[in-house]
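First the structure, in the form of structure tokens, and then the observations on it.
Numbering (this note's numbering), first residue to last: 27 to 218.
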């Protein structure tokens with residue numbers, strides 16, 4: 027019974043990183059720098075808001091203390107990042123976090139990836155032990171790598187000093203977490 031309930035919920039949680047309504051599509055079609063920044067902010071927010079949904083999934087799996095501590099830290103960081111972005115978007119109307127950051131086909135692709143990853147990480151039926159830990163950390167590492175490069179590109183375009191400062195500090199944190207995840211993967215999960 028639990029298995030049948032958790033599988034769809036997992037797929038939805040992981041696919042949340044690619045779900046946006048069609049009513050927010052307009053900024054994707056223009057080439058202006060602010061419109062492109064809106065796409066970037068929306069993508070960053072979408073991922074920051076979606077990744078903490080993995081926390082409840084991670085708590086059902088046995089994991090090493092190093093992996094558990096780092097993933098808990100990452101989930102808390104993403105929760106804070108999403109909260110900070112919601113506050114900044116209210117304070118700075120030019121910072122939009124509500125546009126569709128990708129085409130329909132890209133969104134469908136990410137949903138398919140999320141569904142596959144949900145199966146791999148699902149309690150009871152997914153991977154376990156070292157294989158599960160490595161897979162979960164690789165998911166975080168990929169997300170962090172994409173986001174740290176995204177913020178770097180956005181930094182070059184952002185002209186609002188407060189938002190530029192936000193992007194600078196966000197990039198530093200994403201770089202640091204990317205390094206921590208990579209170090210843990212190399213130390214515990216890859217053979218050299």
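All C-beta atoms in this analysis are idealised placements derived from N, C-alpha and C, irrespective of residue type, glycine included. Bear in mind the structure is a predicted one, so any value in this text is a computation, not a measurement.
Check: Do you know how far the Cα of residue 216 is from the Cα of residue 108?
Finding: On the chain shown, residue 108 is found 82 positions in, with the first residue counted as 1. On the chain shown, residue 216 is found 190 positions in, with the first residue counted as 1. About 32 Å.
Notebook entry, point to check: Between the Cα of residue 213 and the Cα atoms of 182, 189, 93, which residue gives the shortest distance?
Noted result: One-based indexing of the chain shown puts residue 213 at position 187. Measuring from the Cα of residue 213, the nearest candidate turns out to be 93.
Next item on the list: Name the residue from 205, 178, 207 whose alpha carbon lies nearest to the alpha carbon of residue 193.
Entry: Your numbering for residue 193 matches position 167 in the chain shown. Among 205, 178, 207, the Cα nearest to that of residue 193 belongs to 178.
Next item on the list: Take the Cβ of residue 126 as the centre, count every other Cβ of all protein chains shown within 10 Å, and call the residue buried at 16 or more, exposed below.
Entry: Mapped onto the chain shown, residue 126 falls at position 100. That one is buried.
Checklist line | Neighbourhood of residue 190 by C-beta distance below 7 Å, restricted to the same chain and skipping five residues each side | finding: Stepping through the chain shown from its first residue, residue 190 is reached at position 164. Within the same chain, residue 190 has close Cβ partners 181, 184.
Notebook entry, point to check: For residue 104, does the three-state DSSP call read helix, strand or coil?
Noted result: Mapped onto the chain shown, residue 104 falls at position 78. Three-state result, residue 104: helix.
Checklist line | Contact check, residue 173 vs residue 99, beta carbons under 8 Å | finding: As a working note, residue 173 is residue 147 in the chain shown. As a working note, residue 99 is residue 73 in the chain shown. No, these two residues do not count as a Cβ contact at 8 Å.
Next item on the list: Compare the C-alpha of residue 90 against each of 135, 131, 155 and name the closest.
Entry: Within the chain shown, the letter at position 64 stands for residue 90. Checking every option, the nearest Cα to that of residue 90 belongs to 155.
Next item on the list: Measure how close the beta-carbons of residue 206 and residue 77 come, nearest whole angstrom, since I'm counting them as under 8 Å.
Entry: Taking the first residue of the chain shown as position 1, residue 206 is located at position 180. Taking the first residue of the chain shown as position 1, residue 77 is located at position 51. Not confirmed; about 15 Å, so no contact.
Notebook entry, point to check: Closest by CA to residue 170, which one among 60, 65, 59, 101?
Noted result: Residue 170 sits at position 144 when you count from the first residue of the chain shown. When only C-alpha atoms are compared, the closest one is 101.
Checklist line | Spatial distance of residue 168 from residue 117 (CA atoms) | finding: Counted from its first residue, the chain shown places residue 168 at position 142. Counted from its first residue, the chain shown places residue 117 at position 91. Spanning the two alpha carbons is a distance of roughly 30 Å.
Next item on the list: Please determine, among 79, 198, 136, 111, the residue with the shortest C-alpha to C-alpha distance to residue 64.
Entry: For the purposes of this step, residue 64 is taken as residue 38 along the chain shown, with counting starting at 1. Comparing Cα-Cα distances from residue 64 to each of 79, 198, 136, 111, the minimum goes to 111.
Note to self: By alpha-carbon positions, which one of 141, 60, 131 ends up nearest to residue 119?
What the structure shows: Within the chain shown, the letter at position 93 stands for residue 119. Residue 119 has its Cα closest to that of 60, out of 141, 60, 131.
Check: With C-beta atoms as the reference, is residue 70 less than 8 Å away from residue 198?
Finding: Locating residue 70 in the chain shown gives position 44, where the first residue counts as 1. Locating residue 198 in the chain shown gives position 172, where the first residue counts as 1. The answer is no: Cβ separation not under 8 Å.
Next item on the list: Name the residue from 139, 196, 66 whose alpha carbon lies nearest to the alpha carbon of residue 106.
Entry: For the purposes of this step, residue 106 is taken as the residue at position 80 of the chain shown. Between residue 106 and the set 139, 196, 66, the nearest pair of CA atoms involves 196.
Checklist line | Through-space distance from residue 139 to residue 122, alpha-carbon basis | finding: Your numbering for residue 122 matches position 96 in the chain shown. Your numbering for residue 139 matches position 113 in the chain shown. The straight-line gap from Cα to Cα measures roughly 26 Å.
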